[in-house]
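For reference, the structure is listed below as structure tokens.
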Amino acid sequence: EELLVERLEVDGPDHPDTAMARNNLANSLHAQGKYAEAETENRAALAAWLPTIGEDHPFVAVARSGIAQTLLATGRPREALAMAELAWKRQQRGDVPGSEPGETAFVLARILWSIEGDARDRPRARDLAQKSIAAYQTHGDIFLDEIDEIESWLDAHRLP
Numbered sequence: 002e003e004l005l006v007e008r009l010e011v012d013g014p015d016h017p018d019t020a021m022a023r024n025n026l027a028n029s030l031h032a033q034g035k036y037a038e039a040e041t042e043n044r045a046a047l048a049a050w051l052p053t054i055g056e057d058h059p060f061v062a063v064a065r066s067g068i069a070q071t072l073l074a075t076g077r078p079r080e081a082l083a084m085a086e087l088a089w090k091r092q093q094r095g096d097v098p099g100s101e102p103g104e105t106a107f108v109l110a111r112i113l114w115s116i117e118g119d120a121r122d123r124p125r126a127r128d129l130a131q132k133s134i135a136a137y138q139t140h141g142d143i144f145l146d147e148i149d150e151i152e153s154w155l156d157a158h159r160l161p
């Protein structure tokens with residue numbers, strides 16, 4: 002929060018660096034289970050990034066993925082779907098930083114699986130989970146916990 006306060010004072014609320022601070026704060030809040038606050042910060046980051054760096058920038062996909070994760074965590078998978086699909090589509094270019102493509106693939110997999118009444122999306126959900134593992138594996142051993150989580154999810158979510 003201190004970094005966000007500093008960015009707000011130095012750059013103002015609409016600056017891309019302030020949006021990055023908001024995005025980072027949202028990640029921390031999400032990890033703490035403070036989903037409403039995380040969603041607010043991610044949406045503020047997205048709102049600041051769209052007019053300043055543009056729809057096509059990789060950070061916009063990062064913010065959308067964060068919003069999707071929070072919407073899923075709060076039981077709103079149908080709302081999460083559009084954000085996750087937009088983030089995943091943009092991330093297919095291969096220029097989105099770090100572990101984001103792995104995170105987005107797995108959140109989209111869980112969203113698709115959780116939407117009741119549409120089992121047609123379940124093969125795609127499993128494929129996305131596999132893609133998530135592959136994305137994490139490109140970073141070496143630092144994402145072994147995430148890979149274990151996805152493998153457990155795959156074991157628990159089999160096709161009939």
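Using our numbering, the letters of the sequence shown map in sequence onto residues 2 to 161.
By construction, the Cβ of each residue, glycine as well, lies at the ideal position given by its N, Cα and C atoms.
- In the same chain as residue 81, and ignoring 5 residues on each side of it, the C-beta atoms closer than 7 Å to its own belong to 69, 72, 73 and 112, in chain order.
- Just so you know, the alpha carbons of residue 150 and residue 107 end up roughly 10 Å apart.
- Exposed is the label assigned to residue 153, since fewer than 16 other Cβ atoms lie within 10 Å of its Cβ.
- Of all alpha-carbon atoms in 122, 91, 134 and 48, the one lying nearest the alpha-carbon of residue 103 is that of 134.
- Here residue 46 really is in contact with residue 64; their C-beta atoms are around 5 Å apart, less than 8 Å.
- The C-beta distance from residue 49 to residue 19 rounds to 6 Å, short enough to fall under 8 Å.
- Sequence-distant Cβ neighbours of residue 75 in its own chain, meaning closer than 7 Å and more than five residues away, are 36.
- Contact between residue 27 and residue 39 holds, since their C-beta atoms are separated by about 5 Å, short of 8 Å.
- The straight-line gap separating the alpha-carbon atoms of residue 122 and residue 114 is approximately 7 Å.
- Straight across, the Cα-Cα distance linking residue 116 with residue 84 is about 15 Å.
- The alpha-carbon separation between residue 120 and residue 41 amounts to approximately 31 Å.
- Sequence-distant Cβ neighbours of residue 145 in its own chain, meaning closer than 8 Å and more than five residues away, do not exist here.
- About 5 Å separates the beta carbons of residue 17 and residue 54, which is inside the 8 Å limit, making them a contact pair.
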